[in-house]
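Participant: In my numbering, the protein residues as written are 194 to 550.
All residues carry an ideal CB built from backbone N, CA and C; glycine is no exception.
Below are the structure tokens for one structure; questions will follow.
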Amino acid sequence: MYDVEFYMRSHDLLRRAQTEETLDLTVLRDALESFRSPDPVVYNIETTNACNMRCEMCPRTTMMTRSIETMDPGLFELLVGQLHPFAEETWRRWDRFVAEVYGIGVDDMSENHFFLHVIPRVIQLHGYGDPLLDRNMARYVKLLSEAGLDSYFSCNPANIDIDRTVEMFENGLGYIKYSIETVDDSRHKQIRGEASEFTQSYQRILSLLELKRRHGFKTVIVITMLDLNRKDQAEDYRLLREAFAGRDVYLYLKSEDQQWYRQDYHGTKSVHWSECCKHPWMSMTVKSNGEACMCMEDYDNEIVLGDTRRDTLADIWNGDAYRRFRDQHLHATRGLKCSERCDMMMVGEAISPSRRP
């Protein structure tokens, strides 16, 4: 989830800040703070950072140094107890906003539809690990469902366990995303590692689709391919669409996140990566060890803003560390991970050049 109220309230102001020469930074800071809710909205809870893949596009493969940990179930339950769903009226206003500003209706199917119509509504249960390796996942889905919160995670289909996945479906899992880069097994291993493949994964997904049809499960099965700027990308995507033609899936080509890592910036079609970063004011991330970090992209927990094992989400969200972090974003502070190792602009980088610090 992210705070759609903040997103809507800040939208026009952030657009103005990019062109309006007379908008003072102090005024901008105070306005963003006034739009920010004192009640934190959690974007994702990384329940584990364990993963058996070796994906070429993931900094976890070559850069992550933090310990491999799986969240204690008691902590997850504690976190869920501090979260609350938005009211239905909020979602009606948000749907109108998205349609008016971005021209995307609720029934579309694309990466921007997914970010604007799905991600705000769900607690994301992945980070730099594969949730299918966390044996508590079905229980976590049930806890979120009982709290009136929808759930979603992305995973590698080579790790599918049919029985455990069906249990998640039964417990109300909202969305499950399977990342598939090609229909060729050997090429899949080149991209995502030896533990990865397509053929068996595809058969398991078909089995899940049949079980979903037979039992009326509401879980949406999402299939994505990353646009890695490969010479055979278009053909691989065509073959993937063909493999799932007529199937009950949500399928789209996803722009690659964090292209700085491979020094291969080939552009993005994503609203999320095209606009300036609002996360310091609109969402929180909790990692597998309980640390509250700057965002879901902080693969090594470099900017820790609190510890959910000791403090409440609200105390962290409204604390001094977060205040300093927001000021750093506003002033485009150099030396910050966000300024050097992220494709998204900080607010201070997006504002009119003549007023940058």
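(1) Leaving out five residues before and five after R548 in sequence, what residues of the same chain have Cβ atoms less than 6 Å from its Cβ?
(2) Taking only three categories from DSSP, how would you classify V479?
(3) Any idea if Q521 is buried or exposed, counting beta-carbon neighbours within 10 angstroms, 16 or more meaning buried?
(4) Just the C-alpha distance for G367 and D217, rounded to the nearest angstrom, thanks.
(5) Between the alpha carbons of R502 and C486, how many angstroms are there, rounded?
(6) What do you get for E374, buried or exposed, if any count of 16 or more other CB atoms within 10 angstroms of its CB means buried?
(7) State buried or exposed for K411, treating a residue as buried only when at least 16 other CB atoms are found within 10 Å of its CB.
(8) Could you name each continuous alpha helix (DSSP H) segment of 4 residues or more that falls completely within the stretch 508-549, going from the start of the chain to the end?
(9) Considering only the beta carbon of each residue, do I414 and I398 sit closer than 8 Å?
(10) Contact between the stretch 230-241 and the stretch 302-311 is defined here as three or more beta-carbon pairs at a separation below 8 Å; is this criterion met?
(11) With a CB to CB cut of under 7 Å and the five nearest residues on each side skipped, what residues in its chain are close to A224?
(12) Does the distance between the C-beta of Y368 and the nearest non-hydrogen atom of the ligand ZN fall short of 7 Å?
(13) Can you tell me whether V234 is helix, strand or coil according to DSSP?
(14) Need the endpoints of the beta strand (DSSP E) that Y368 sits in, please.
(15) Helix, strand or coil, according to DSSP, for Q452 in the structure here?
(16) Given A427, which residues of its chain have a CB within under 7 Å of its CB, disregarding the five upstream and five downstream residues?
(17) Just checking, does the stretch 282-291 make contact with the stretch 195-203 on the three C-beta pairs under 8 Å criterion?
(18) What's the gap between the Cα of G439 and the Cα of I496?
(19) Looking only at its own chain, which residues have a Cβ that is under 7 Å from the Cβ of W510, when we skip the five neighbours before and after it?
(20) Verify whether the separation of the beta carbon atoms of A543 and C469 is less than 8 Å.
(21) Answer yes or no: do W466 and M537 have a C-beta to C-beta separation smaller than 8 Å?
(22) With respect to the beta strand (DSSP E) encompassing S347, which residues constitute its N-terminal and C-terminal limits?
(23) Please go through the same chain and pick out, in chain order, the residues whose beta-carbon is closer than 7 Å to the beta-carbon of Y492, but skip the five residues on each side of it.
(24) Could you spell out the range, first to last residue, of the beta strand (DSSP E) harbouring L498?
(25) So, Y333 versus L318, is the Cβ gap smaller than 8 Å?
(26) Whole beta strand (DSSP E) runs in the stretch 363-441 with 3 or more residues, listed along the chain?
(27) Under 8 Å Cβ to Cβ from A507, same chain only, skipping five residues before and after it: list those, please.
(28) Rounded to a whole number of angstroms, what is the C-alpha to C-alpha distance between H408 and A514?
(29) Below 8 Å between beta carbons: does that hold for D356 and R406?
(30) Who are I316's beta bridge partners in DSSP?
(31) Please name the residue, chosen from V376, A340, Q452, that lies closest to F555 on a Cα-to-Cα basis.
(32) Apart from the five residues just before and just after E533, which ones in its own chain have a Cβ nearer than 6 Å to its Cβ?
(33) In the structure shown, what three-state DSSP assignment does K447 receive?
(34) Sort V540, K471, P266, R222 by Cα distance to G483 and report the nearest one.
(35) Over the uninterrupted alpha helix (DSSP H) stretch that includes A224, give me the two end residues.
Facilitator: Inspection of the coordinates gives the following:
(1) What you label residue 548 is simply residue 355 of the sequence shown in a count that begins at 1. No answer about R548 holds up, because its pLDDT of 48 lies below 50 and its placement is not dependable.
(2) Translated into the one-based positions of the sequence shown, residue 479 becomes position 286. DSSP places V479 in strand when its eight states are reduced to three.
(3) Along the sequence shown, read from residue 1 onward, the residue named residue 521 stands at position 328. By the 10 Å Cβ count, Q521 comes out buried.
(4) Indexing the sequence shown from 1 puts residue 367 at position 174. Indexing the sequence shown from 1 puts residue 217 at position 24. Pairing G367 with D217, the inter-Cα distance amounts to about 42 Å.
(5) If you number the sequence shown from 1, residue 502 lands on position 309. If you number the sequence shown from 1, residue 486 lands on position 293. Computed Cα separation, rounded: 13 Å.
(6) What you label residue 374 is simply residue 181 of the sequence shown in a count that begins at 1. Answer is buried; the Cβ neighbour count reaches 16.
(7) The residue given as residue 411 occupies position 218 in the sequence shown. Burial call: exposed.
(8) 513-523, 530-533, 540-543
(9) In the sequence shown, residue 414 corresponds to position 221, counting from 1. In the sequence shown, residue 398 corresponds to position 205, counting from 1. Taking the C-beta atoms as reference points, I398 is found nearer than 8 Å to I414.
(10) These segments do not touch.
(11) The residue given as residue 224 occupies position 31 in the sequence shown. For A224, where only same-chain residues beyond five positions count, the Cβ hits under 7 Å are L206.
(12) The ligand ZN is not part of the structure shown, which contains no ligands of any sort.
(13) In the sequence shown, the residue the question calls residue 234 occupies position 41. In the structure shown, V234 falls within a coil segment according to DSSP collapsed to helix, strand and coil.
(14) Within the sequence shown, the letter at position 175 stands for residue 368. Taken as a continuous stretch (DSSP letters only), the beta strand (DSSP E) holding Y368 covers 368-372.
(15) In the sequence shown, residue 452 corresponds to position 259, counting from 1. Helix, per DSSP.
(16) Reading the sequence shown from its first residue, position 234 is the one you call residue 427. Correct list: empty, nothing qualifies.
(17) yes
(18) In the sequence shown, the residue the question calls residue 439 occupies position 246. In the sequence shown, the residue the question calls residue 496 occupies position 303. If I take the Cα positions, the gap works out to 44 Å.
(19) Residue numbering aside, residue 510 sits at position 317 when the sequence shown is read from its first letter. The residues are P233, M477.
(20) Mapped onto the sequence shown, residue 543 falls at position 350. Mapped onto the sequence shown, residue 469 falls at position 276. Contact flag set, yes.
(21) Counted from its first residue, the sequence shown places residue 466 at position 273. Counted from its first residue, the sequence shown places residue 537 at position 344. Yes, they are a contact pair.
(22) On the sequence shown, residue 347 is found 154 positions in, with the first residue counted as 1. It spans 343-348 - the beta strand (DSSP E) in which S347 sits, taken as one unbroken run.
(23) The sequence position of residue 492 within the sequence shown is 299, counting from 1. If we look at Y492 and ignore the five residues flanking it on each side, its Cβ neighbours are P252, R253, M256, M257, Y321.
(24) Looking up residue 498 in the sequence shown gives position 305. Unbroken beta strand (DSSP E) run through L498: 497-500.
(25) The sequence position of residue 333 within the sequence shown is 140, counting from 1. The sequence position of residue 318 within the sequence shown is 125, counting from 1. In this structure, Y333 places its C-beta atom within 8 Å of the C-beta atom of L318.
(26) 368-372, 413-420
(27) Here residue 507 is taken as the residue at index 314 of the sequence shown, counted from 1. P231, D232, P233, Q275, listed in sequence order.
(28) Along the sequence shown, read from residue 1 onward, the residue named residue 408 stands at position 215. Along the sequence shown, read from residue 1 onward, the residue named residue 514 stands at position 321. For H408 and A514, the distance between alpha carbons rounds to 48 Å.
(29) Locating residue 356 in the sequence shown gives position 163, where the first residue counts as 1. Locating residue 406 in the sequence shown gives position 213, where the first residue counts as 1. No, the pair does not count as a contact, with Cβ atoms beyond the cut-off.
(30) The residue labelled residue 316 in the question sits at position 123 within the sequence shown. I316 pairs with S344.
(31) For residue 555 there is no data in the structure shown, the boundaries of the chain being 194 and 550.
(32) Within the sequence shown, residue 533 is the residue found at index 340, counting from 1. There are no such residues.
(33) Taking the sequence shown and counting its residues from 1, one reaches residue 447 at position 254. Strand at K447.
(34) Residue mapping note: residue 483 aligns to position 290 of the sequence shown, counting from 1. Selected option, being the one with the closest Cα: P266.
(35) In the sequence shown, counting from the first residue as 1, residue 224 sits at position 31. 218-228 is the span of the alpha helix (DSSP H), which, as asked, contains A224.
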